[in-house]
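Asks:
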C-alpha cells in the first residue's frame, strides 16, 4: 500500500477541527469562570456565617467541591445550590442569574433579606426554588415568568408584599406552590385553575380577599388545599369539594359562609384534615363525614352550625381532634343532644374533644369515663348540661385540660380528679358543685390554672393546694368557704396571673407569706371577714396590677411600702376600718386608673396630683375627716397648723431613725466580716434549710467539688451545684480562689453588698463561710439559692452540647420580662437601698434565671457603695479602680471616670441590645469602627427586624401569631432598641436614670399585652 500524504484540503479540515475544539474548550472554560465569579459574588453578600460554611469557598478547592454546590458531571457547570438551614445572613446578588445551568436553589431556613432579584428569571432550567423561612421583602419577581421548567416554588414565611403576580401564570408545570405567612394582598388568581399538575397549594396566613375562584375545581390532582388565615369571603365552591384526591383541606379563619355539603364525606373520601374554624358556616354537621374513614382532624369551631352531632362520627377510628366549640349545636332539651358522646369511646386515638359554648342540654353521660385513654383536652364548658361529674373521670389519666365550666353540674368534685397527674388546667367554675374542695387536687403537680369560682363549695381551703408548685391562677371566688387563708397557699410563689378568694366567709389576717408572690398581677380577697393590718410584705409583689381587699374588717394604715408597686392600675380598699392619712405616693403611681378608698376612717389632706386630679377615677366618700384635695371633691380646707405640725413631726422622727439605721447596718456588716478562722454562717431567709454550713458540709454537698457539679467559673472562683441531702435542698456554692489577687476583696465586697439588701430580682445569699479546709488552708465561700435555668449568657449563646438552651427559644415577652427584672433590680440598688449600690458588672453571665425564667442579678464581687447621693452624677464612691467586663464597661471608666449608677445604665443598655439581637459586644464582627451600639443604630428604624435574633422570631411563629401581632412585636422591638441605644451612649449625662428606663420598659410591656 502506498504511503498517504495529506492534501491541502485535508490539512485545512484538520486545522479547522482543532480550532473548533479550542474554541469549544475556551467557551466551557469561560462559562466555568462565570459560575465561579457568580459564586464568589454570592459569598461576598454573606455578612454572618456562624457555622463557617463559607470557609470551604476558597481558591484551594474547585468550586464544584464547595459546600452546598453541585455540578453537572459532563460540563462542570453548577446545577444545584443548597445552603438550607445554615444560619446564614445576607442578600442574594443579581449575579445569581449567571448560573444559567441551575436546576435547583435551596436557601430555606436562613436569615436572608432584601428583595428577591429579578435576575432569577434568567435561570431557564430552574425546577426547584426554595427561599422559605427567611426575611425576603418586596414583591414576587415578575421575571419568574421565564422559569417555565419550575416544579416547586417555596416562598413561605417571608415578608413579601403585593399581589400574586399574573406573570406566574406561565409556570404551568408547578406541582407545589407555597406562599404561606407573607403579607400578600389582592385575590386568589383564577389562572391557578390551569395548573393541572398542582398537588400542593398553600397560600395561607396572608391578607388575600375576595371569593375562592370556582375554576380551582379543575385542579384534579390536588392533595393539599390551604387557604386559611386570610380574608376570603363567599362560599366554598362545590367544584373544589369534588376533587376526590384532596386529603388536607383548611379554610380556617376567613369570612366564609354557607352550609357544608351533605355529601362532603363522599366527594372527599380521602380526607385526613377537614378544618374551617372561625368563619360563619351554618346548617348541620354532615353525616357523610363518617365515610371519610381516614379523618384525623375535624375542626369547625367558632361558626354558626346547628342541629345534633352525628353519632356516626364514632366510626372514625383515626380521629385525633374533634372540635366544634362556639357553635349553636344541641338545644333539644333532652339527653339525645349528648348521645354522640356514647359512641366516641370507639375513637381510641382521640386527643382533643371540645364542644364548649354550644346549646347542649341533658345529663352528662357516664360514657365519658370510657373515652380515649390518650385524650388530652376535654371541654364541654358553657352549655346547659346537668348531673354530676362521675368519679370515673379519673380514668382519663392523660388529660391536660378538663373544662366543664358554665353548666348546671352538681354534687361534689370527685376525689378521683387528683388522679389526673398531667392536668394543666381544671375549669369547674360556674356550676353548682357542693361539698369540700378535694385534698387530692394537691397531687396535680403540673396544674397551672384552677378555677372553682361561682359554686357552692364549703369548708376550708385545703393547705394541700400549696403542693401545686407551678400554679399561676387560683380562683375560688363566690363559694361558701370558711377559715383562714392557708400560708401554704398564700406563699405559693408560682401564682402570677391571679389569686382570687373574694365573696366567701374567710376569717383571720392576710398571711405575710403573700409577699412571696413576687410575680402576682391580681389579688382579690374582697367581701370576706378578714381582719388585721394590710401586711407590708405585699410590697414585694412588684408586678401587682390589681388589688381588692374591700368589704372586710382591715384596720391600720395604708403601708408606705406600697410605694414600690409602680405597676398598680386598680386599688380597692373600700369598706374597711383603715385609718391615718392617704399616702402621697398614691398620686405618683404612673398607671393607676382606679382608686376606691371609700367608707374607711381616713383623715387629713387629700393629695392633688396624679389620679387625685381626676375625681371620676377615685372614690373617697364615707371618710368624714378628710380635707383639701381637688375643688370638685367639695371637701373643707385643711388647717395650715396641722400640716406644719405633721411635717415637723415627720422630719424629727424620720431623719434620726434613718441615720441610726444606716450607721448600725454599716457597722454590723463590717463587724460580721472579721478574719476569724471559724465558720461564720449568716442566717437569713431560708437558711434554716442548711442547719450546718461548714467546710465539711460544703464538701459533702458538692461531692468533693466534683466537676459534675461545676456550674461555671469566674474571675475569683468557681460555682458548684450543692445538694444538702439532709434537708433535700439544692443550693449554689461560690468557692473563692484565694490565690487569685483581689479574690478576698471580692469576697468581702460581695458579703457587704448582699448583707442587707432584699429584692425579688437579686440573687439571695443564704450564708457565707470563712473556715479552713482539710489541708489547713483558708477557705471562703458564699451559698446562694440555686437557679434551675442557669444564666442568660448560656441561653443567648448556647454551646454545641447544650441541648436544653438550643431547643428552647425565649419569646419577645419572655425577653422583655427579663429586661424589666434586671432594670427593677438596678432601680432597687440605685434608688431604694439605704446606701445606694452600683453593681459594676452587669452582663448576661451575671443574670440568673429561675424555673419561671424570672431574672435575678448576681455576682456582687465588684459592687460599690455610693456614700454621697446629693448630686445626680453619683460620683463619690469607695473605690476608683476600673471595674466591669470587656464589652460592658462604660466608656468613661476607661478614661479614669469613677464608678457610677449611670455606668450600670450603660452596661444594662448593652445587655438589652444583646438580649434581642443575640450578639455579644465582643463578637468578631465588631471592631474599632463598629461596635454593638453603632451596629443597632445603623439598622434603625427601617431594618430593625433584620438584626433581631432569628430564634426570637421563630419562637413567635410557633405561637401562631397573626400579622397584626407581628407588626406590634416589630413596633415594640423598635422601642426596646431605642431604649438600649439611649442607655449605651458614650456620654453619661445623655443617659437616662434606671428608674426612667424601667418605667419605659413597663409601658412597652403594658402596651404590647393590651394590644395582644
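Numbering (mature numbering (1 follows the signal peptide of the UniProt record, and there is no 0)), first residue to last: -27 to -1, 1 to 985.
Beta carbons: idealized from backbone N, C-alpha and C, even for Gly.
Going by CA-CA distance only, name the one from 509, 682, 541, 814 that's closest to residue 531.
Replies: Position 558 of the chain shown holds residue 531. Here the closest residue by C-alpha is 509.
Asks: Starting from the C-beta of residue 16, find all residues in its chain whose C-beta is less than 6 Å away, skip the five residues before and the five after it, and write them out in chain order.
Replies: Locating residue 16 in the chain shown gives position 43, counting from the first residue. Around residue 16: 27, 30.
Asks: Go ahead and pull the three-state DSSP assignment for residue 962.
Replies: The count along the chain shown starts at 1 and reaches residue 962 at position 989. It is helical.
Asks: Is residue 822 helix, strand or coil by DSSP?
Replies: What you label residue 822 is simply residue 849 of the chain shown in a count that begins at 1. In this structure, residue 822 counts as strand in the three-state DSSP scheme.
Asks: Does the contact criterion of 3 or more C-beta pairs under 8 Å hold for the segment 757 to 768 versus the segment 954 to 973?
Replies: No, because fewer than three Cβ pairs between the segment 757 to 768 and the segment 954 to 973 fall closer than 8 Å, the two stretches do not touch.
Asks: What does the alpha-carbon distance come out to for the pair residue 142 and residue 167?
Replies: For the purposes of this step, residue 142 is taken as residue 169 along the chain shown, with counting starting at 1. For the purposes of this step, residue 167 is taken as residue 194 along the chain shown, with counting starting at 1. So the two alpha carbons sit approximately 8 Å from each other.
Asks: Apart from the five residues just before and just after residue 954, which ones in its own chain have a Cβ nearer than 8 Å to its Cβ?
Replies: Position 981 of the chain shown holds residue 954. Excluding sequence neighbours, residue 954 sits near 882, 886, 906, 909, 910, 913.
Asks: Can you say whether residue 746 is buried or exposed, counting buried as having 16 or more other CB atoms within 10 angstroms of its CB?
Replies: For the purposes of this step, residue 746 is taken as the residue at position 773 of the chain shown. Residue 746 should be labelled exposed.
Asks: Since residue 431 contacts residue 468 with CB under 8 Å, what's their CB separation in whole angstroms?
Replies: For the purposes of this step, residue 431 is taken as residue 458 along the chain shown, with counting starting at 1. For the purposes of this step, residue 468 is taken as residue 495 along the chain shown, with counting starting at 1. The Cβ separation is near 23 Å, so there is no contact.
Asks: Do the segment 912 to 927 and the segment 797 to 815 make contact, defined as three or more Cβ pairs closer than 8 Å?
Replies: Contact between the segment 912 to 927 and the segment 797 to 815 is absent, because fewer than three Cβ pairs lie under 8 Å.
Asks: What residues are listed by DSSP as bridge partners for residue 277?
Replies: As a first step, residue 277 must be located in the chain shown, where it is residue number 304. Bridge partners of residue 277: 255.
Asks: Alpha carbon to alpha carbon, what distance is there between residue 411 and residue 629?
Replies: The residue labelled residue 629 in the question sits at position 656 within the chain shown. The residue labelled residue 411 in the question sits at position 438 within the chain shown. Residue confidence is low: residue 629 scores 36 on pLDDT, short of 50, so the model does not pin down where it sits. Its coordinate-derived value is still stated next. One C-alpha to the other measures close to 54 Å.
Asks: From the DSSP secondary-structure annotation, give me the bridge partner or partners of residue 55.
Replies: Here residue 55 refers to the residue found at position 82 when the chain shown is read from its first residue. DSSP lists 79 as partners of residue 55.
Asks: Helix or strand or just coil, what does DSSP make of residue 520?
Replies: Here the question's residue 520 lines up with position 547 in the chain shown. The answer is strand: DSSP assigns residue 520 an E or B state.
Asks: Quick check: what's the CA-CA separation for residue 710 versus residue 732?
Replies: Within the chain shown, numbered from 1, the residue matching residue 710 stands at position 737. Within the chain shown, numbered from 1, the residue matching residue 732 stands at position 759. Going from the Cα of residue 710 to the Cα of residue 732 covers about 28 Å.
Asks: Sorted by chain position, which residues of the same chain lie with C-beta nearer than 6 Å to residue 151's C-beta, five sequence neighbours on each side aside?
Replies: Within the chain shown, residue 151 is the residue found at index 178, counting from 1. So the list reads 127, 129, 175, once near-sequence residues are dropped.
Asks: Hey, residue 835 and residue 828: beta-carbon distance below 8 Å or not?
Replies: As a first step, residue 835 must be located in the chain shown, where it is residue number 862. As a first step, residue 828 must be located in the chain shown, where it is residue number 855. Not a contact, by the Cβ cut-off of 8 Å.
Asks: So who's on the other strand from residue 607, going by DSSP bridges?
Replies: Locating residue 607 in the chain shown gives position 634, where the first residue counts as 1. Answer is none; residue 607 lacks a bridge partner.
Asks: What residues in its chain sit with their C-beta under 8 Å from that of residue 243, if we drop five residues either side in the sequence?
Replies: Stepping through the chain shown from its first residue, residue 243 is reached at position 270. Cβ within range, chain order: 217, 218, 219, 220, 265, 267.
Asks: Give me the residue from 792, 830, 898 with the minimum Cα distance to residue 810.
Replies: As a working note, residue 810 is residue 837 in the chain shown. Among 792, 830, 898, the Cα nearest to that of residue 810 is on 830.
Asks: Are residue 301 and residue 270 close, meaning C-beta to C-beta below 8 Å?
Replies: Numbered from its first residue, the chain shown carries residue 301 at position 328. Numbered from its first residue, the chain shown carries residue 270 at position 297. No; because the gap between Cβ atoms is not below 8 Å, this pair is not in contact.
Asks: If you drop the 5 nearest sequence neighbours on each side, which residues of the same chain put their C-beta closer than 6 Å to that of residue 543?
Replies: Locating residue 543 in the chain shown gives position 570, where the first residue counts as 1. Answer for residue 543: 519, 567, listed in chain order.
Asks: Since I believe residue 61 is in contact with residue 83 (beta carbons under 8 Å), could you give me their beta-carbon distance rounded to a whole number of angstroms?
Replies: Working through the chain shown from its first residue, we reach residue 83 at position 110. Working through the chain shown from its first residue, we reach residue 61 at position 88. Confirmed, Cβ separation roughly 4 Å.
Asks: By the DSSP assignment, the beta strand (DSSP E) with residue 704 in it spans what residues?
Replies: By 1-based counting over the chain shown, the position of residue 704 is 731. Here the beta strand (DSSP E) through residue 704 covers 702 to 709.
Asks: Nearest-angstrom Cα distance between residue 590 and residue 957?
Replies: Here residue 590 refers to the residue found at position 617 of the chain shown. Here residue 957 refers to the residue found at position 984 of the chain shown. Each residue's alpha carbon lies about 39 Å from the other.
Asks: Assuming residue 8 contacts residue 50 (C-beta within less than 8 Å), just tell me the rounded distance between them.
Replies: Sequence index remark: in the chain shown, residue 8 carries index 35 (1-based). Sequence index remark: in the chain shown, residue 50 carries index 77 (1-based). Contact holds; Cβ gap of about 6 Å.
Asks: Nearest to residue 760 by alpha carbon, out of 899, 805, 820, 298?
Replies: To locate residue 760, count along the chain shown from 1; it is residue 787. Among 899, 805, 820, 298, the Cα nearest to that of residue 760 is on 820.
Asks: Would residue 202 and residue 226 be called neighbours here (beta carbons separated by less than 8 Å)?
Replies: Position 229 of the chain shown, counted from the start, is the residue given in the question as residue 202. Position 253 of the chain shown, counted from the start, is the residue given in the question as residue 226. Yes, the Cβ-Cβ distance between residue 202 and residue 226 is below 8 Å.
Asks: Tell me the rounded alpha-carbon separation between residue 1021 and residue 180.
Replies: Because the chain here runs from -27 to 985, residue 1021 falls outside it and cannot be looked at.
Asks: So, residue 303 versus residue 272, is the Cβ gap smaller than 8 Å?
Replies: What you label residue 303 is simply residue 330 of the chain shown in a count that begins at 1. What you label residue 272 is simply residue 299 of the chain shown in a count that begins at 1. No, they are not a contact pair.
Asks: State the Cα-Cα distance for the pair residue 877 and residue 948, rounded to the nearest angstrom.
Replies: Taking the chain shown and counting its residues from 1, one reaches residue 877 at position 904. Taking the chain shown and counting its residues from 1, one reaches residue 948 at position 975. Spanning the two alpha carbons is a distance of roughly 20 Å.
Asks: Could you please give me the residues that DSSP links to residue 811 through a beta bridge?
Replies: Taking the first residue of the chain shown as position 1, residue 811 is located at position 838. Partner(s): 837.
Asks: Do you know whose CA, among 437, 12, 32, 22, lies nearest residue 53's CA?
Replies: Locating residue 53 in the chain shown gives position 80, counting from the first residue. Here the closest residue by C-alpha is 12.
Asks: Where residue 614 and residue 517 are concerned, what is the direct C-alpha to C-alpha distance, given to the nearest angstrom?
Replies: Position 641 of the chain shown, counted from the first residue, corresponds to residue 614. Position 544 of the chain shown, counted from the first residue, corresponds to residue 517. Since pLDDT at residue 614 reaches only 37, below the 50 mark, its modelled position is unreliable, and no value is offered.
Asks: Can you say whether residue 750 is buried or exposed, counting buried as having 16 or more other CB atoms within 10 angstroms of its CB?
Replies: On the chain shown, residue 750 is found 777 positions in, with the first residue counted as 1. Exposed, since its Cβ has fewer than 16 Cβ neighbours within 10 Å.
Asks: Please classify residue 32 as buried or exposed, where buried requires at least 16 other C-beta atoms within 10 Å of its C-beta.
Replies: Residue 32 sits at position 59 when you count from the first residue of the chain shown. Exposed.
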